[in-house]
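K.L.:
After the structure tokens below, expect a handful of questions from me.
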Ligand SMILES: Cc1ncc(COP(=O)(O)O)c(C=O)c1O
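Residue numbers (our numbering): 3 to 402.
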């Protein structure tokens, strides 16, 4: 099966995001703003629809935290996807947009009583516990509300993954999930409580993982643990292996769907003979490459030590670079034809020295005020992390 997607290309005087000319599109728009390539997203989602038709025991639940734009969440619903949520507001958001509650799974180490009550009253697919204390509260609330509740258990598999430490979630030092003996303890508590049913086992090892071998060994470990649980007589309806496959944050960005396809093939092969439903919760790999943050050059500032390119975008629109040193591919549409071999630090108006998009940006021609800058691969964990620090406006979003 070939996968066709609109891609991002650079011409001598333009950047094409799918079929959209950034030069024309941006002409009268105030920057910075997010531009989403919905044609590209739709192409990916129609491939996923085929995949889900051919693999009815695989359920894909979009991780809303990656990007909660209603336009995007609605597309996921129309394509038959469920949702991974991590707050009561995310749960409300997707149900208001039309998501079926039984296709929603709720994780997070600090769910409040109000959030737990909401999940119980909505009868969601799985309320995933992350501590025994949380299970105790869920038990009490299910009794008080007198509602049958599907409880999933998040397991911490203690695996080492190669990603940024802040994106790792499945190591024994991380706050997420329960270690194996506590999983077993929680299962007997669930069994003894008439309102609760063990819906499934949940595991998520981290985000922006590019090495499929890491997934393969983790999936084998999760599959073996599910096998143990089934042998012991537990009846989990699903194994939820989380999200986490990365995208290429470099000039290979257009190759990201091919990696996602390989990840799906791996899952299909490994779990094809299992009796239970397999759930995955991708976020970044579904929307990451289809969003770009578009900004303009405000000023060029030269000091004895450095050249600064001051963009009008900042950490308030895209926090990833300041938060964990993330680097995105940055392409420019330049007005000048004067060649340059200078290197620039691309920074922002914000009063934070750590707010840098690139320390060593090079471009063919002298950058000038007003040049358009496209920060690519910003569809995931971009707009959803935006803030109004320095009382800046939240960025607008356009869907093309
Ligand atoms: C529980 C859970 N599931 C899924 C995801 C989505 O991960 P990704 O966007 O890397 O696919 C996350 C994000 O960290 C998560 O915490």
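Cβ coordinates follow ideal geometry from the N, Cα and C atoms, glycine included.
Note that the structure is a prediction, hence the values are computed from the model and not measured.
Starting from residue 22, follow its DSSP beta bridges and name the residues at the other end.
P.N.:
19
K.L.:
Assess contact between the segment 146-159 and the segment 200-210, defined as three or more Cβ pairs (one per stretch) separated by less than 8 Å. Is contact present?
P.N.:
yes
K.L.:
Quick check on residue 259: does DSSP put it in helix, strand or coil?
P.N.:
helix
K.L.:
So residue 384 and residue 36 are supposed to be a Cβ contact under 8 Å. How far apart are they, rounded?
P.N.:
Contact flag correct, Cβ pair sits at about 7 Å.
K.L.:
Cβ atoms of residue 350 and residue 359: under 9 Å apart, would you say?
P.N.:
yes
K.L.:
Note down the Cα distance separating residue 123 from residue 240, rounded to an integer number of angstroms.
P.N.:
21 Å
K.L.:
Going by beta-carbon coordinates alone, are residue 209 and residue 179 separated by less than 9 Å?
P.N.:
no
K.L.:
What are the start and end residues of the beta strand (DSSP E) that includes residue 303?
P.N.:
293-304
K.L.:
Would you mind stating whether residue 70 and residue 386 have Cβ atoms separated by less than 9 Å?
P.N.:
For residue 70 and residue 386, yes; Cβs fall inside 9 Å.
K.L.:
For residue 185, name the three-state secondary structure that DSSP assigns.
P.N.:
Three-state DSSP puts residue 185 in a helix.
K.L.:
Determine which residues share a DSSP beta bridge with residue 84 and list them.
P.N.:
Note: residue 84 sits in a beta bridge opposite 63.
K.L.:
Taking only runs of the alpha helix (DSSP H) that begin and end inside the segment 73-130, which ones reach a length of at least 4 residues, in chain order?
P.N.:
90-98, 115-124
K.L.:
Could you give the DSSP three-state label for residue 152: helix, strand or coil?
P.N.:
strand
K.L.:
If we require 3 or more residues per run, which beta strand (DSSP E) segments fall completely within the segment 158-246?
P.N.:
198-204, 240-242
K.L.:
Residues bridged to residue 355 by DSSP?
P.N.:
Residue 355 is not bridged to any residue.
K.L.:
Are there three or more Cβ pairs, one per stretch, closer than 8 Å when the segment 310-326 is compared with the segment 258-274?
P.N.:
Three or more beta-carbon pairs separated by less than 8 Å are not found between the segment 310-326 and the segment 258-274, which leaves the two stretches without contact.
K.L.:
Count the other C-beta atoms from every protein chain shown that fall within 10 angstroms of the C-beta of residue 52, then say buried if there are 16 or more, exposed otherwise.
P.N.:
Residue 52 should be labelled exposed.
K.L.:
Just the C-alpha distance for residue 253 and residue 333, rounded to the nearest angstrom, thanks.
P.N.:
So the two alpha carbons sit approximately 10 Å from each other.
K.L.:
Could you give the DSSP three-state label for residue 1: helix, strand or coil?
P.N.:
Because the chain in this structure spans residues 3 to 402, residue 1 falls outside the shown range and cannot be described.
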